[in-house]
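Numbering (UniProt numbering), first residue to last: 1 to 766. Glycine included, C-beta positions come from ideal geometry on N, C-alpha and C. This one's a predicted model, so the numbers in the text were calculated from it and none came from an experiment.
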Amino acid sequence: MWPCDLLNPCFLPQAEMDLEKGLEMRKWVLSGILASEETYLSHLEALLLPMKPLKAAATTSQPVLTVPQIETIFFKVPELYEIHKEFYDGLLPRVQQWSHHQRVGDLFQKQASQLGVYRAFVDNYEVAVETAEKCCQANAQFAEISEVTVAGGGGARAPLCYTHPDYPLLQDALRISQNFLSSINEETPLRRQSMTVKKGENRQLLKDSFMVELVEGARKLRHVFLFTDLLLCAKLKKQIGGKNQQYDSKWYIPLSDLTFQTAEEAEPLAIPQVPDEELEAMKIKISQLKSEVQREKRANKGSKVMERLRKKLSEQESMLLLNSPNMALRVHSRNGKSYVFLISSDYERAEWKEVIREQQKKCFKSFSLTSMELQMLTNSCLKLQTVHHIPLTINKEEDELPGLYGFLNIIVHSASGLKQSLNLYCTLEVDSFGYFMNKAKTRVYRYTTEPKWNEEFEIELEGSQTLRLLCYEKSYNKTKLNKEDCESTDRIIGKGQIPLDPQTLQGKDWQRTVIPMNGIEVKLSMKFTSREFSLKRMPSRKPMGVFGINISTVTKRERSKVPYIVRQCLEEIERRGMEEVGIYRVSGVATDIQALKTAFDTNNKDVSVMMSEMDVNAIAGTLKLYFRELPEPLFTDELYPNFTGGIALSDSVAKESCMLNLLLSLPEPNLVTFLFLLDHLKRIAEKESVNKMSLHNLATVFGPTLLRPAEKDSKIPTNPTQPITMGDSWSLEVMSQVQVLLYFLQLETIPTPDSKRQSILFSTEV
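And the structure:
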């Protein structure tokens with residue numbers, strides 16, 4: 001079933017066709033598609049009917065077919081059935097409730113995006129038919145089964161009206177379909193040979209991706225291809241003008257020879273890391289270039305200017321892509337050679353390992369390729385690749401959304417489907433600037449098959465498009481390293497991801513969802529708040545409270561220089577949180593944070609006891625929430641423009657003079673509280689080797705919290721039609737706030753005219 005039938009110009013209706021007739025015609029077209037899909041599904045069902053008993057018999061003493069024969073004959077048929085069943089189930093209710101406003105283009109677009117399955121089916125087709133014929137000749141029982149004739153649905157299909165809102169989606173589906181069909185029609189003997197191994201079996205591409213390889217201490221961008229019998233690492237070459245792409249093979253490992261390097265074999269791995277400040281500078285430059293590109297588009301200026309800007313943007317994004325990932329995936333060949341890839345998250349590392357391990361169950365013999373065979377295989381990658389572009393935003397479609405900016409509240413409810421009692425916890429990852437970071441972690445739920453965490457987290461989104469969830473089994477054996485990656489003693493037992501859809505998350509209500517993973521299901525609830533609403537500084541309605549009250553009012557009431565809440569939180573964090581990995585970055589449980597907030601607001605005498613029993617990330621979250629909810633930022637609304645202007649000065653002497661004078665211009669409670677916090681954050685950074693929190697990481701967390709102006713001075717757009725996808729201008733403002741705090745964190749000392757600075761800091765009297 002192809003979308004090209006829907007856009008054939010020969011069938012386009014006349015412009016004068018009235019709306020009712022056009023509506024009737026489109027419904028007739030779709031009804032015909034539904035009928036052919038129903039027929040096609042029935043044929044696929046008939047084909048799948050004998051597969052289950054054949055598989056069951058394969059494990060007995062008298063099999064009809066062997067497991068490899070079954071997998072060859074029925075290759076990708078179940079997947080094709082699921083694709084068409086999902087399409088049919090999505091289309092049927094829309095046709096039944098047909099109207100002028102009903103759309104179906106997304107269904108065709110999604111089906112077109114899954115053409116890789118058809119590619120695999122087509123590549124295997126000849127071998128499948130040949131295998132089935134041989135099995136019929138050798139086995140009378142299978143010959144009887146195979147007498148059932150399966151034919152695909154077909155027939156001419158008329159188009160939908162080209163003026164319908166579905167037209168852009170259907171055009172995209174048509175483009176994908178035409179490219180796919182062209183690639184099949186242009187098959188050459190060279191390609192057929194490159195995909196057939198000596199035994200006559202068909203070699204299929206299972207997965208490919210752009211990855212960073214560590215080569216003699218240097219980072220290199222590679223395109224990695226996982227085939228049914230080998231892993232191929234290649235370098236993408238571009239000819240003049242960016243056309244006629246080619247791949248150069250760097251190395252390959254037969255899957256029968258591949259292992260994940262063990263702790264005993266691995267030498268200590270030195271990963272070259274770019275300082276956080278340089279990565280931040282890349283992000284700032286990327287945001288600036290994106291803004292310039294948008295301005296050029298609006299101004300309709302010359303293509304040369306646009307081309308120059310896009311080239312610079314591509315260079316900066318490529319540098320960020322190359323230098324961001326730091327998590328090692330090691331692969332080892334039995335011939336003694338080892339290779340290291342750097343990726344951004346545990347999710348991707350687990351994904352590659354799972355696919356490789358699963359395929360290794362079917363690969364038994366080692367082999368080597370001749371130089372000619374390797375060259376032909378490498379040439380075939382251009383036809384076979386599923387990832388066609390380096391993952392840069394410059395390569396994305398023009399109309400693709402930039403992602404979400406704001407706060408995502410997530411409740412991790414429970415998990416089901418476990419076969420045995422385990423100690424379980426979950427982590428949450430979201431993407432930003434193309435790579436993923438761990439943002440939250442549930443507590444460990446011990447010895448259960450039905451963990452019920454019911455924990456809420458608040459995660460800040462920076463252009464995020466995807467939420468990932470990983471479920472781990474906690475290991476309490478500290479002496480037992482994970483032999484595969486030498487980093488973690490905990491085992492991933494499930495992982496899943498869902499897109500962060502702006503339309504779905506637009507409402508204010510909680511959205512419940514389920515993430516399936518390896519037979520396990522984790523239930524979540526999500527609620528998104530865009531920056532337009534989440535970053536408002538709202539004065540508290542509780543005049544005797546602490547949160548949302550001016551800091552001068554609180555310190556005067558408490559007869560202190562630094563608010564009690566700040567001193568208590570920092571004291572507890574320094575007591576037991578200095579070595580906590582991701583302290584201040586990893587979210588605490590929202591219910592614990594709210595309980596502490598209430599305790600401080602009501603002057604609860606037992607607040608110190610509560611804190612001693614809570615997870616330290618909740619205490620860190622409470623402190624961040626206090627600064628975030630101040631009705632005026634610690635750096636004040638009045639001085640905020642001066643701070644952001646001062647940090648942009650190029651002359652270092654002028655910058656230091658400006659920044660220090662501005663800092664000393666803060667009201668005394670603000671200044672003393674900031675210096676108190678600054679000393680604490682520097683002590684946190686001294687433990688960076690353990691807690692993974694550098695000065696830059698801390699500045700990223702606290703910069704916007706301490707500097708972001710109140711609503712009346714904010715640059716947040718107020719256009720109600722675009723509350724979610726604010727991108728580059730906002731990112732530039734946030735990055736400026738980060739740079740201001742980082743500047744003070746990097747100063748060894750902050751000279752003040754007050755010779756009693758230390759006594760002021762630790763005094764509790766006015």
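| Check | Outcome |
| --- | --- |
| Please report the straight-line C-alpha distance between Val-95 and Thr-39, rounded to a whole angstrom. | 17 Å |
| Am I right that Tyr-347 and Glu-213 are in contact with their C-beta atoms under 8 Å? What's the rounded C-beta distance? | The Cβ separation is near 19 Å, so there is no contact. |
| Residues in its own chain within less than 7 Å of Pro-78 by CB, not counting five upstream and five downstream? | Leu-48 |
| Can you tell me the Cα-Cα spacing of Thr-673 and Ser-287, whole angstroms? | 32 Å |
| In terms of residue numbering, what span does the alpha helix (DSSP H) encompassing residue 803 cover? | Because the chain here runs from 1 to 766, residue 803 falls outside it and cannot be looked at. |
| Looking only at its chain, what residues have a beta carbon closer than 7 Å to the beta carbon of Lys-285, apart from the 5 residues adjacent to it on each side? | Gln-316 |
| By Cβ distance below 7 Å, which residues in the same chain neighbour Tyr-743 in space, the five residues on each side in sequence not counted? | Ile-647, Met-659 |
| Label Ser-552 either buried or exposed according to how many other C-beta atoms from any shown protein chain fall within 10 Å of its C-beta, with 16 as the threshold for buried. | exposed |
| Out of Glu-86, Lys-439, Ala-138, point me to the one whose CA is closest to Leu-470's CA. | Lys-439 |
| Going by C-alpha to C-alpha distance, which of Arg-683, Cys-569, Leu-634, Phe-260 sits closest to Leu-666? | Leu-634 |
| Take Glu-733 as the anchor and find which of Leu-695, Ile-343, Glu-462 has the nearest alpha-carbon. | Glu-462 |
| Contact check, Glu-280 vs Met-610 under 8 Å by CB: the rounded distance? | Contact flag wrong, Cβ pair sits at about 36 Å. |
| Going by C-alpha distance, which of Gln-204, Val-412, Ile-253 is nearest Tyr-125? | Gln-204 |
| Exposed or buried, Phe-364, counting other C-beta atoms within 10 Å across all chains shown (16 or more means buried)? | exposed |
| Determine contact between the region 410-426 and the region 517-531, defined as no fewer than three beta-carbon pairs at a distance below 8 Å. | yes |
| Do the region 500-518 and the region 588-608 meet, that is, are 3 or more Cβ pairs less than 8 Å apart? | no |
| Check the C-beta distance from Leu-80 over to Leu-65 and give it rounded, since I have them as a contact under 8 Å. | In fact, because the Cβ distance is near 20 Å, the residues do not count as touching under 8 Å. |
| Is the beta carbon of Glu-580 less than 7 Å from the beta carbon of Asn-691? | yes |
| Going by Cα to Cα distance, which pick from Ile-459, Lys-134, Gly-621, His-696 is closest to Met-526? | Ile-459 |
| Cα-Cα, which of Val-562, Phe-260, Leu-369, Thr-555 is closest to Gln-337? | Residue identity check: residue 337 is Lys in the sequence provided, not Gln. Answer by Cα proximity: Phe-260. |
| Run the CB neighbour count on Asp-490, radius 10 Å, all protein chains shown included, and call it buried at 16 or more, exposed below. | buried |
| Taking all protein chains shown into account, do 16 or more other C-beta atoms lie within 10 angstroms of the C-beta of Thr-449, making it buried, or fewer, making it exposed? | exposed |
| Once the 5 residues before and after Arg-446 are set aside, which same chain residues still bring their CB inside 7 Å of it? | Asn-423 |
| Cα separation between Asp-606 and Glu-613? | 11 Å |
| How do the region 208-228 and the region 290-298 stand: do at least 3 beta-carbon pairs fall below 8 Å, yes or no? | no |
| Report buried or exposed for Thr-370, applying the criterion of at least 16 other Cβ atoms within 10 angstroms of its Cβ. | exposed |
| Is Ser-714 helix, strand or coil when you go by DSSP? | Low confidence applies to Ser-714: its pLDDT is 44, below 50, so where it sits in the model is not reliable enough to give any reading. |
| What residue range is occupied by the uninterrupted alpha helix (DSSP H) comprising Ile-551? | 551-558 |
| Could you check how far apart the C-beta atoms of Ser-344 and Tyr-435 are, in whole angstroms? I think they sit under 8 Å. | 4 Å |
| Does Pro-451 pass the burial test, meaning 16 or more other C-beta atoms within 10 Å, or should it be called exposed? | buried |
| Per the DSSP calculation, Asn-603 is bridged to which residue(s)? | Paired residue(s): none; Asn-603 is not in a bridge. |
| Going by DSSP in three states, Ile-83 sits in which element: helix, strand or coil? | helix |
| Where does Leu-470 sit, in a helix, a strand or coil, going by DSSP? | strand |
| Could you spell out where the beta strand (DSSP E) holding Ile-410 opens and where it closes? | 404-416 |
| Give the DSSP-derived three-state secondary structure of Tyr-425 in the structure shown. | strand |
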